[in-house]
Amino acid sequence: MSLVTGDALSLLLFRLHSGRLLGINLLKVNEIIPCPALTKLPNRHPHVRGIATLRGSALTVIDLARAIGERGVSSEDEGCLIVTEVSRSRQGLHVKSVERIVQCSTRDVRPPPAAAGNRAFITGVTQIDGAIVQILDIEKVLHDIAPALDQAPIEGLLESRDQQLLQGRRVLLVDDSQVALQQTLNVLRQLGLDCTAVRSAQAALEQLHDYQQAEMPFELLVSDIEMPEMDGYNLVREIRRSADIAATYVLLHTSLDSTMNTEKARSVGANAVLTKFSSVDLTQALLDAFRQMDGRS
């Protein structure tokens, strides 16, 4: 079965012990297993149940209910693990039960209500067979547990000619995850880029057109792929169809493994695709982009 066709999104539906129904992009899921025996480490984060050994490798097991502000489970024997791989990390999410895999359109996924605030831990909401499904913001969950992701300091990383290449170049950033948006924005600003950030693909389109009309065009767009209403692939399609902004360089920046997305990204007209989150790799991708624009090797 093809997991993603057109603007389709495959979701794995699961429940927490409260009965709350959540979904996670199937492409972020490695496997589903009964919860194995856990090693409890001293001074572990309160949302981490322990460490499992899975085929010889250590796997951090997160009590997902507790991580998003609900009551956690009392025993490893309750529920199962969803083993996920996202933003270059692998972990197990301890949940009550897994229900099924469904497909929906990204156009049917709505942003979370504004009243949900920064503690919502969801990136979107959709309806499946009459039931409300909240789509998990796993990047926020992981950031709250281990905020020290790969954000190597940029200072001293660039040669003077590279600093000059990037200084003041106009970049638009779009990401529906506040955590991912802020991480990326911090790097772009450290590099001396002139950045504008938005939270939706539609807002990005509007900004691209508005700045073009004002004769202050964005040279480069850094875009997430997974977003409500319009995903990164469809955003690229819309850009390439619009004569005034069609030449914009697009870097798709995704929490999914970029090797899985490269072919599709190229087919819709993206210039490059990169897996979150490495400040070093992001810096290199931006340097490559501007060198290409300026006709350098």
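The sequence shown: position 297 = 297 (the UniProt record's numbering), numbered continuously. From the three backbone atoms N, C-alpha and C, an ideal C-beta is built for every residue, glycine too. Since the model is a prediction, treat every value here as computed from it, not as a measurement.
Option nearest residue i by Cα separation, candidates the options
i	options	result
Arg-71	Val-125, Leu-16 and Arg-44	Leu-16
Lys-96	Leu-185, Ile-82, Glu-206 and Gln-178	Ile-82
Ile-245	Thr-262, Leu-208 and Pro-228	Leu-208
Gln-103	Leu-9, Gln-182, Asp-281 and Leu-220	Leu-9
Ser-255	Phe-14, Arg-88 and Ala-67	Arg-88
Val-171	Asp-257, Leu-27 and Val-222	Val-222
Arg-100	Leu-38, Asp-144 and Glu-31	Glu-31
Asp-7	Leu-22, Cys-35, Val-109 and Leu-38	Val-109
Leu-59	Leu-12, Gly-69 and Arg-90	Arg-90
His-143	Gln-164, Phe-277, Ala-285 and Gln-292	Phe-277
Asp-210	Ala-67, Arg-189, Ser-242 and Gly-69	Ser-242
Leu-27	Arg-107, Ala-120, Leu-12 and Glu-206	Leu-12
Arg-107	Gly-232, Cys-35 and Ala-120	Gly-232
Ala-120	Ile-68, Cys-35, Asp-257 and Thr-275	Ile-68
Gln-212	Ser-105, Ile-239 and Leu-54	Ile-239
Asp-257	His-94, Thr-84, Gly-168 and Gly-295	Thr-84
Leu-286	Asp-194, Leu-22, Ile-225 and Gly-79	Asp-194
Val-29	Val-98, Gly-79 and Arg-20	Val-98
Leu-22	Thr-126, Gly-50, Glu-78 and Thr-275	Thr-126
Ala-188	Asn-25, Met-230, Arg-237 and Gln-167	A quick correction: the sequence has Leu, not Ala, at residue 188. Comparing Cα positions, the closest option is Gln-167.
Ala-270	Arg-237, Gln-292 and Arg-291	Arg-237
Leu-54	Pro-42, Cys-35, Asp-224 and Leu-205	Cys-35
Arg-291	Cys-80, Asp-224 and Arg-169	Arg-169
Asp-224	Ala-272, Ser-267 and Ala-214	Ala-272
Gln-178	Glu-159, Ala-146 and Ile-122	Ile-122
Cys-275	Val-86, Gln-163, Met-230 and Leu-158	The sequence shown places Thr at residue 275, rather than the Cys named in the question. Comparing Cα positions, the closest option is Val-86.
Leu-205	Gln-164, Gln-163 and Met-230	Met-230
Gly-79	Asn-25, Phe-14, Ile-24 and Leu-165	Phe-14
Classification of residue i by the beta-carbon crowding that lies within 10 angstroms, buried from 16 upward
i	result
Arg-161	exposed
Met-216	exposed
Met-1	With a pLDDT of only 29 at Met-1, under 50, the local geometry of the prediction cannot be trusted, and no value is derived from it.
Ile-135	buried
Ala-52	buried
Asp-129	exposed
Ala-180	buried
Lys-40	exposed
Val-280	exposed
Pro-228	buried
Ile-132	exposed
Leu-235	buried
Ala-37	exposed
Ala-148	In this prediction, Ala-148 scores a pLDDT of 47, lower than 50, which makes its location untrustworthy; the coordinate-derived value is nonetheless stated afterwards. The residue is exposed, with fewer than 16 neighbouring Cβ atoms inside 10 Å.
Asp-294	exposed
Leu-93	buried
Glu-226	buried
Ala-197	buried
Thr-5	Low confidence applies to Thr-5: its pLDDT is 40, below 50, so where it sits in the model is not reliable, and the reading given next is rough at best. Under this definition Thr-5 is an exposed residue.
Ala-214	exposed
Asn-43	exposed
Gly-50	buried
Gly-56	exposed
Ala-146	exposed
Nearest-angstrom Cβ-Cβ length linking residue i and residue j, presumed shorter than 8 Å
i	j	result
His-47	Ile-62	6 Å
Leu-251	Ala-289	6 Å
Phe-218	Thr-248	6 Å
Pro-113	Gly-124	In fact, because the Cβ distance is near 11 Å, the residues do not count as touching under 8 Å.
Leu-220	Thr-283	Actually they are not in contact, since the Cβ atoms of Leu-220 and Thr-283 sit about 13 Å apart, beyond 8 Å.
Ala-65	Ser-105	In fact, because the Cβ distance is near 29 Å, the residues do not count as touching under 8 Å.
Paired residues, beta bridge with residue i - DSSP
i	result
Asn-25	Leu-11
Arg-112	The sequence shown places Pro at residue 112, not Arg. Beta-bridge pairing links Pro-112 to no other residue.
Arg-100	Leu-13
Val-273	Leu-252
Gly-192	Gly-192 is not bridged to any residue.
Val-141	Answer is none; Val-141 lacks a bridge partner.
Ser-57	Leu-54
Gly-19	The partner list for Gly-19 (beta bridge, DSSP) is empty, contrary to what the question assumes.
Arg-291	Looking at the DSSP assignment, Arg-291 forms no beta bridge with any residue, so it has no partner.
Glu-31	Val-83
Ala-131	Ile-128
Val-198	Val-174
### Message
With three or more C-beta pairs closer than 8 Å as the rule, is the segment 123-140 touching the segment 261-273?
### Response
no
### Message
Closer than 8 Å is the cut-off here; do at least three beta carbon pairs connect the segment 172-181 with the segment 199-214?
### Response
With the cut-off at 8 Å, the segment 172-181 and the segment 199-214 touch.
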